[in-house]
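All remarks here apply to the structure that follows.
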Amino acid sequence: MAFASSSSQGSYDVFLSFRGEDTRNNFTAHLYQELRTKGINTFIDDDKLERGRVISPALVTAIENSMFSIIVLSENYASSKWCLEELVKILECMKTRGQRVLPIFYNVDPSDVRKHRAKFGEALAEHEKNFEGEYGEGADLEGCSHSSCKFIWLEFKE
1 MAFASSSSQG
11 SYDVFLSFRG
21 EDTRNNFTAH
31 LYQELRTKGI
41 NTFIDDDKLE
51 RGRVISPALV
61 TAIENSMFSI
71 IVLSENYASS
81 KWCLEELVKI
91 LECMKTRGQR
101 VLPIFYNVDP
111 SDVRKHRAKF
121 GEALAEHEKN
131 FEGEYGEGAD
141 LEGCSHSSCK
151 FIWLEFKE
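Under the UniProt record's numbering, the first residue of the sequence shown carries the number 1, and numbering increases by one thereafter.
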């Protein structure tokens, strides 16, 4: 299924962060289509963006210019350096720009993410040592446990 990154202005309502091989052609495709149907201007990596060693400038700009980010945390999300770089940028925008974040736990136990367990935790630990602990912060996307929380979370199992 081909996607188009939406918006010629570079400003988005929602940025979708996901591991393509896990959810591009199923959950994320349906989510993207539903958001677009509702008139929500959504950025999705259309799989045509140049791949490289670091996150592309187009993705950084899209994250910075989005009001919300939806992070589809799947089993292999943390095994992607690119996904983790997106996550770090999203969390930075949450802190500095007040961006709202909605993590969706897709076939992953939220406690495995929070406690760095199972396949998600193993991949996170592998990357974490190379980035001065930046990625550990992503594991705090456990949901709202206090009133100052800026995000909620959803869990999906197939």
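All C-beta atoms, glycine included, are put in the ideal place defined by N, C-alpha and C.
Computed from a prediction, not measured in an experiment: that's the story for all the values here.
Contact annotation: the region 74–84 touches the region 97–108, with at least three C-beta pairs closer than 8 Å. The Cβ atoms of residue 78 and residue 118 do not sit closer than 7 Å to each other. Judged by DSSP in its simplified three-state form, residue 100 adopts strand.
Beta-carbon to beta-carbon, residue 112 and residue 121 are separated by about 6 Å, close enough to satisfy the 8 Å threshold.
Contact between residue 66 and residue 14 holds, with the beta-carbon distance rounding to 6 Å and staying under 8 Å. The residue from 11, 12, 29 with its alpha-carbon nearest to that of residue 19 is 29. When the alpha-carbon of residue 58 is set against those of 35, 86, 25, 27, the nearest one is in 86. Within the region 31–89, the runs of alpha helix (DSSP H) that reach at least 4 residues and sit entirely inside it are, in chain order, 57–64. For residue 112, the three-state secondary structure derived from DSSP is helix. Around the beta carbon of residue 96, fewer than 16 other beta carbons lie within 10 angstroms, which makes this residue exposed.
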